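Chains as they are written, first to last, in the UniProt record's numbering: chain A, 1 to 322; chain B, 1 to 322.
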């Protein structure tokens, strides 16, 4: 039987140079912030049966639970530094732990983000990561900084993760290859860290956030915090490659209110269009203009011809839906 | 039905001056560390049915889940600054949320420690707090700093929390008043923040940690990290007021290997005895010398007369016991 301390030593403590002054194994980790830097901090908790299926692949889960936190840093424009991992496990299963830690550390290493501490306990499978990034004061991409006249931009594509969920649930028919492609977006989102850093350090964007609960709900947070409204072209929303093959109603619905996208939604002055396109190209991340910030409160959709649409969409709420 | 955002707004977002540059409501919180300060960071996850009884009083639970994290800062000698809270709840129950947030904020305010962000989701009741403290480089009380010849000290008293558990389980008979007194130690531990700060800032102690899984197991971490051993007087261990009325075998057992004590165990040079006693008196926290650090590996117990004892004790392991 694997003990708690053996478990940490075997799967989570690594013999490599550490950026932390003191890492795993004491009451606290010690981090020395960069001179003059602010710390950006975010926590996400993922629960089996709610954020991922029971029996989900451990390696993909290790990737995803860190990816959603890296996406929060990306949305602030912060550079990833370190994270803590608190893990409740029904049992200490070596195969699961090996897969989970492999997926976790592959992504952590790709973003040079170090595991510095945490907690393990027995319980229903629950994963809580708290992540730390750094950025210079004044650079953060906040939700309350959108300005009337700004363009609204989206990174990457939307809706394929939601389409995969619909496929799993039998809400729509997908051939196996399409389901696999779409589900990769659900299981292995790519945090847009480089784009977020470029937007923040170059002062290219005003407001930003990451789209986790669907564009409508999440952009709504920017609009409320900034006291502005927005008008979006529903047919300009960049549907994922699998969703792009579906009918228009589903395309509009899943790209506007899908969930689990982990793309950035940001607003920027029209004068920045060329600089944003160049920065996105350097990061290898597509960006699409989908609408404008205006003074009228709320979020409105129009079609490609500019005619108003009534899409009847809502963001995801963990306590309102099951 | 309370939505996720209403829940956060109603119970966890507070209209008061914030030390964070940006608090609850964005992708990340932003903290500006003190000039030259190190950040001490710790995460603890508490699971219903494992760390607390199903149906536990919400207010006491709010206290306890922050107290165990403050205790980690105390054990490093760090000053509390802020924390994040990730909460999985079976339902959004207003009475529970009111009690929990009341207990949480009462302790947070007492230690001037600010809630700056987190996550809420539906799931089996699970509470994960990540806490941030500050201290000056070189001041941290680490586990690997015990020296041969050091005294071993314990703050407060040990074993009453474990005795309360034994009472609940029917392992020993306690009258109602005794059970209530002992269970207060289980439900509402007092983090020894002022003592930890005094030991660290005055460079009075070498190694320290907080006793959460029982003295034997926890002191074992100091001994292993510092490559030293220790000899303790089993009868010098400061038993809690209720445990003190029990027979000697139970006193020794629960004070040496109880769990849920959240007292500090620290080592210090004998020349610091007077300074430590004075610092403890200023903090209003009792401290007791219970043994010495020696060169022979492992932990040995002797009785008050110095005769060796074989207590057969072990620390708590979340994956080895149920």
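Glycine included, each C-beta is placed from N, C-alpha and C at the ideal position.
All values reported here derive from a predicted model rather than from experimental measurement.
Asked                                                                                                                                                                           : Found
Between residue 42 of chain B and chain A, is there a C-beta pair that is closer than 7 Å?                                                                                      : yes
Buried or exposed for residue 282 of chain B, going by 16 or more other Cβ atoms inside 10 Å?                                                                                   : exposed
How about residue 86 of chain A: is its C-beta nearer than 7 Å to some C-beta of chain B?                                                                                       : yes
Assuming residue 193 of chain A contacts residue 73 of chain A (C-beta within less than 8 Å), just tell me the rounded distance between them.                                   : 7 Å
Given that residue 75 of chain B touches chain A, what residues does it touch there, using C-beta distances under 7 Å?                                                          : 27
Give me the Cα-Cα distance between residue 195 of chain B and residue 276 of chain B, rounded to the nearest whole angstrom.                                                    : 9 Å
At a CB-CB cut-off below 9 Å, which residues of chain B make contact with residue 325 of chain A?                                                                               : Nothing about residue 325 of chain A can be reported from this structure: the residues present for chain A run from 1 to 322 only.
Shorter than 7 Å from the beta carbon of residue 260 of chain A to some beta carbon of chain B?                                                                                 : no
Check the Cβ of residue 22 of chain A against every Cβ in chain B and list those closer than 8 Å, keeping chain order.                                                          : 140, 142
Are there 16 or more other CB atoms within 10 angstroms of the CB of residue 9 of chain B, so buried, or fewer, so exposed?                                                     : exposed
Can residue 182 of chain A and residue 164 of chain A be called in contact, C-beta distance under 7 Å?                                                                          : yes
Over what stretch of residues does the beta strand (DSSP E) that includes residue 119 of chain A continue unbroken?                                                             : 114-122
Starting from the Cα of residue 12 of chain A, find the closest Cα among A:167, A:87, A:303 and give me that residue.                                                           : A:87
Between the region 260-271 of chain B and the region 133-148 of chain B, do at least 3 Cβ pairs fall closer than 8 Å?                                                           : yes
Taking 7 Å as the cut-off, decide whether the C-beta atoms of residue 24 of chain A and residue 132 of chain A are in contact.                                                  : no
Where in the region 152-221 of chain B do unbroken runs of the beta strand (DSSP E), each at least 3 residues long, occur, reported from the N-terminal end onward?             : 208-211
Let me confirm a value: residue 338 of chain B is counted as buried when at least 16 other C-beta atoms fall within 10 Å, else exposed. Which label applies?                    : Examination of residue 338 of chain B is not possible in this model, given that chain B is present from 1 through 322 alone.
What are the partner residues of residue 344 of chain A, as DSSP defines its beta bridges?                                                                                      : The structure shown does not extend to residue 344 of chain A, since chain A is modelled only from 1 through 322, so no value can be given for it.
Contact criterion: CB-CB distance below 7 Å. Does residue 122 of chain A meet it with respect to chain B?                                                                       : yes
Can you tell me which of A:30, A:134, A:68, A:36 puts its alpha carbon nearest to the alpha carbon of residue 191 of chain A?                                                   : A:68
Tell me which same chain residues have a C-beta within less than 7 Å of the C-beta of residue 323 of chain A, skipping the five on either side of it?                           : Residue 323 of chain A lies beyond the residue range present for chain A, which begins at 1 and ends at 322; the question has no answer from this structure.
Tell me the residue span of the alpha helix (DSSP H) that contains residue 142 of chain B.                                                                                      : Where residue 142 of chain B is concerned, there is no enclosing alpha helix (DSSP H), given that its DSSP letter is neither H nor E.
Just to confirm, is the Cβ distance from residue 82 of chain A to residue 7 of chain A under 7 Å?                                                                               : no
Output yes if chain A places a C-beta closer than 7 Å to the C-beta of residue 220 of chain B; else output no.                                                                  : no
For chain B, is any of its Cβ atoms less than 7 Å away from the one on residue 312 of chain A?                                                                                  : no
Since residue 235 of chain B and residue 304 of chain B are thought to touch, with beta carbons under 8 Å apart, how far apart are those beta carbons, to the nearest angstrom? : 4 Å
Spatial neighbours of residue 232 of chain B within its chain, please: C-beta separation below 6 Å, excluding the five flanking residues on both sides.                         : 290, 291, 301
Who are residue 268 of chain B's beta bridge partners in DSSP?                                                                                                                  : B:151
In the DSSP assignment, find the beta strand (DSSP E) that holds residue 233 of chain A and state where it starts and stops.                                                    : 229-233
Can the beta-carbon of residue 188 of chain B be found closer than 7 Å to that of residue 63 of chain B?                                                                        : yes
Which word fits residue 171 of chain B, buried or exposed, when buried means at least 16 other C-beta atoms lie within 10 angstroms of its C-beta?                              : exposed
From residue 122 of chain B to residue 293 of chain B, what distance separates their C-alpha atoms?                                                                             : 48 Å
Going along chain B in order, which residues have a C-beta closer than 8 Å to the C-beta of residue 47 of chain A?                                                              : 88, 121, 122, 123, 124, 126
Tell me the rounded alpha-carbon separation between residue 322 of chain B and residue 49 of chain B.                                                                           : Residue placement at residue 322 of chain B cannot be trusted, given a pLDDT of 41 that sits under 50; what the coordinates show is reported in the next sentence. Each residue's alpha carbon lies about 11 Å from the other.
Can you pull the chain A neighbours of residue 78 of chain B, defined as C-beta to C-beta under 8 Å?                                                                            : 28
Between the C-alpha atoms of residue 310 of chain B and residue 299 of chain B, what's the straight-line distance to the nearest angstrom?                                      : 11 Å
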